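Below is one structure, written out as C-alpha cells; comments come after it.
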Amino acid sequence: MEKFQLSLLFKIIGLGSASGLIYQDNSILAIGDNSSYLYEYRIDSQKLEKHALIENPQENTPKKVKLDFEAITKFENNVYIFGSGSTENRNKMVQFDTTTKKVTATTDLSDLYLVMQSFGKITPDDFNIEGAIYNGQSWYLFNRGNGKTNKNVVFTIDGENLTNDFRVLANEYKLPKIKGGRTSFTDAILIENKIYFLATAENTESTYDDGEVLGSIIGRIDTTTMKIEFTKKITDTHKFEGITFSKKSGNEMEFFLCEDNDTEVLESNIFKLAITIK
6 MEKFQLSLLF KIIGLGSASG LIYQDNSILA IGDNSSYLYE YRIDSQKLEK
56 HALIENPQEN TPKKVKLDFE AITKFENNVY IFGSGSTENR NKMVQFDTTT
106 KKVTATTDLS DLYLVMQSFG KITPDDFNIE GAIYNGQSWY LFNRGNGKTN
156 KNVVFTIDGE NLTNDFRVLA NEYKLPKIKG GRTSFTDAIL IENKIYFLAT
206 AENTESTYDD GEVLGSIIGR IDTTTMKIEF TKKITDTHKF EGITFSKKSG
256 NEMEFFLCED NDTEVLESNI FKLAITIK
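Just add 5 to wherever you are in the sequence shown, counting from 1, and you've got the numbering used here.
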C-alpha cells in the first residue's frame with residue numbers, strides 16, 4: 006500500500022488556472038490554460054516573472070479563442086508547451102529556451118493531432134492533450150478521457166520532429182472512478198523508466214466545459230511494458246492538473262502539484278505530495 010501526505014506549500018499570486026509546472030533550481034516554471042505567458046516563480050524571493058509565448062499575450066484569454074496551453078515538458082535547456090487540441094485554435098506547440106528566456110519556435114501540430122486521433126480512434130470532440138513528456142528520443146502525449154467515450158490514451162511518438170517523419174504508438178487505459186466519475190489523465194512526468202501521472206474526475210462529459218470536481222489520483226506506468234503499476238487516490242476535492250518532481254529519499258518521493266481553480270482569479274495553490282512507495 007502506498008502511503009502519502011498532501012499539504013499546501015504556498016500560493017502564487019499572479020498566476021491563474023494553473024495547468025502544468027516544472028521545478029528546477031528552486032524555481033517553478035508554470036503555465037495556465039487561460040494564459041499565453043510562461044510564468045517563472047522564484048521560491049526564495051517569491052518573485053514572479055512572465056515570459057510572453059505569443060504576440061499580444063493575455064492572462065485571461067476568452068475561452069473561445071484561448072490557445073489552451075495544458076501540457077509542459079522540459080529537456081535540457083528547452084521547455085515545450087502544448088495546446089490541448091480540443092478545438093482548431095488549440096494546436097500549437099511553443100518551444101522556449103530557458104537560457105535566453107525567449108521563444109525559439111512555434112509549431113502547428115494540426116497534422117500530428119489528426120494522425121493521433123485516427124490512430125487512437127478518438128473523435129475530435131474527445132481529443133484533449135493534457136500531459137507531455139520528452140526524453141530526447143521519444144515523446145509521450147496524454148489524452149484526457151473526460152469526453153463521452155473516456156478515451157484515456159498515452160501516445161508514444163518516436164522522432165524529434167513532430168511535423169513529419171515520426172512513428173506513433175497508442176496505449177489506452179481504463180482508470181479508476183471517484184464518486185462514480187471516471188478519472189482522466191491531467192499530467193505526467195518521467196522519472197528513470199517510470200511515468201508518474203495525475204488523473205482527475207469531474208462530473209462532466211465534455212472536453213470543453215468544466216464540471217463538479219470529484220477528486221484526483223496519482224499513478225505509475227512502466228515504460229517498458231506500458232502497464233499501470235499502481236494508482237492511489239490523493240484527494241476528494243482538488244483538481245490537480247500539474248505534477249513535477251522535487252526530491253527522493255529512500256522509498257519516499259516528493260512532488261509538487263498545481264491546481265486548476267477554473268476561475269479568472271490570478272492565484273494558484275502549489276501543493277506538496279510526499280508518497281512512500283514499497
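A virtual CB, placed ideally from N, CA and C, is assigned to each residue, including glycine.
Remember, it's a predicted structure, so these values are computed and weren't measured experimentally.
- Does DSSP put Q122 in a helix, a strand or coil? Position 117 of the sequence shown holds residue 122. In this structure, Q122 counts as helix in the three-state DSSP scheme.
- Item | Span of the beta strand (DSSP E), counted from its first residue to its last, around S221 | Here the question's residue 221 lines up with position 216 in the sequence shown. Start and end: E217 to D227.
- Query: Of the residues T111, E165, E75 and Q122, which one's Cα is nearest the Cα of V158?
  - Reply: The sequence position of residue 158 within the sequence shown is 153, counting from 1. V158 has its Cα closest to that of Q122, out of T111, E165, E75 and Q122.
- Query: For L72, which residues does DSSP report across the bridge?
  - Reply: Residue numbering aside, residue 72 sits at position 67 when the sequence shown is read from its first letter. Partner(s): none; L72 has no beta bridge.
- Query: What is the rounded straight-line gap between the Cα of V108 and the Cα of Q29?
  - Reply: The count along the sequence shown starts at 1 and reaches residue 108 at position 103. The count along the sequence shown starts at 1 and reaches residue 29 at position 24. Answer to the nearest angstrom: the Cα atoms are 19 Å apart.
- Task: Report buried or exposed for T105, applying the criterion of at least 16 other Cβ atoms within 10 angstroms of its Cβ.
- Result: Numbered from 1 along the sequence shown, position 100 holds the residue referred to as residue 105. Exposed.
- Query: In terms of alpha-carbon separation, which member of I134, T92 and E197 lies closest to K69?
  - Reply: For this step, residue 69 is matched to residue 64 along the sequence shown. Considering only alpha carbons, the answer is T92.
- Could you please give the first and the last residue of the uninterrupted beta strand (DSSP E) stretch that includes T268? Taking the sequence shown and counting its residues from 1, one reaches residue 268 at position 263. Note, T268: premise wrong, no beta strand (DSSP E); not H, not E.
- Task: State the beta-bridge partners of R187 as determined by DSSP.
- Result: Numbered from its first residue, the sequence shown carries residue 187 at position 182. Partner(s): K182.
- Going by alpha carbons, who is nearest to A137 out of G247, E257, C263 and E269? Translated into the one-based positions of the sequence shown, residue 137 becomes position 132. Taking only the C-alpha atoms, the option nearest A137 is G247.
- Cβ contact (3+ pairs, closer than 8 Å) linking the segment 62-82 and the segment 122-132: no
- L14 in three-state terms, based on DSSP: For the purposes of this step, residue 14 is taken as residue 9 along the sequence shown, with counting starting at 1. Note: L14 maps to strand in three-state DSSP.
- Can you tell me the Cα-Cα spacing of E217 and T191, whole angstroms? Here the question's residue 217 lines up with position 212 in the sequence shown. Here the question's residue 191 lines up with position 186 in the sequence shown. Between E217 and T191, the C-alpha separation is close to 16 Å.
- Message: What would DSSP say about L114, mapped onto helix, strand or coil?
- Response: Taking the first residue of the sequence shown as 1, we reach residue 114 at position 109. Collapsing the DSSP output to three states places L114 in coil.
- Item | Validate contact between the segment 218-229 and the segment 178-190 using beta carbons, cut 8 Å, 3 pairs | yes
- Query: On the three-pair Cβ rule with 8 Å, is the segment 19-29 touching the segment 259-272?
  - Reply: The segment 19-29 makes contact with the segment 259-272, as at least three CB pairs between them are under 8 Å.
- Task: Taking 8 Å as the cut-off, decide whether the C-beta atoms of Y145 and T161 are in contact.
- Result: As a first step, residue 145 must be located in the sequence shown, where it is residue number 140. As a first step, residue 161 must be located in the sequence shown, where it is residue number 156. Contact flag set, yes.
- Query: Counting Cβ pairs, one atom from each stretch, are 3 or more of them under 8 Å apart for the segment 224-236 and the segment 196-203?
  - Reply: Because the criterion of three Cβ pairs below 8 Å is met, the segment 224-236 and the segment 196-203 touch.
- Query: How many Å lie between N208 and K156 at the Cα?
  - Reply: The sequence position of residue 208 within the sequence shown is 203, counting from 1. The sequence position of residue 156 within the sequence shown is 151, counting from 1. Cα to Cα, the separation comes out at about 16 Å.
- Item | Cβ neighbour criterion (16 or more within 10 Å) applied to K232 | For this step, residue 232 is matched to residue 227 along the sequence shown. Counting Cβ neighbours within 10 Å, K232 comes out exposed, since fewer than 16 surround it.
- Leaving out five residues on either side along the sequence, give the residues of the same chain with a beta carbon under 8 Å from the beta carbon of T212. As a first step, residue 212 must be located in the sequence shown, where it is residue number 207. Here T212 scores only 49 on pLDDT, less than 50, and its place in the model should not be relied on; the value that follows carries that caveat. The beta carbon of T212 sits closer than 8 Å to those of S89, S91, D130, D131, F132, N133, R149, N151 and G152, all from its chain and outside the five residues before and after it, given in chain order.
- Message: According to DSSP, is D102 part of a helix, a strand, or is it coil?
- Response: If you number the sequence shown from 1, residue 102 lands on position 97. D102 falls in the strand class under three-state DSSP.
- Between G141 and the rest of its own chain, which residues show a CB-CB distance below 7 Å, the 5 nearest in sequence each way excluded? Looking up residue 141 in the sequence shown gives position 136. Taken in chain order, the residues that qualify are F80.
- Span separating the alpha-carbon of S115 from that of N166: Taking the sequence shown and counting its residues from 1, the one referred to as residue 115 is at position 110. Taking the sequence shown and counting its residues from 1, the one referred to as residue 166 is at position 161. About 14 Å.
- Would you say V173 touches the ligand MG, meaning its beta carbon is less than 7 Å from a heavy atom? Here there are no bound small molecules, and the ligand MG is not part of this structure.
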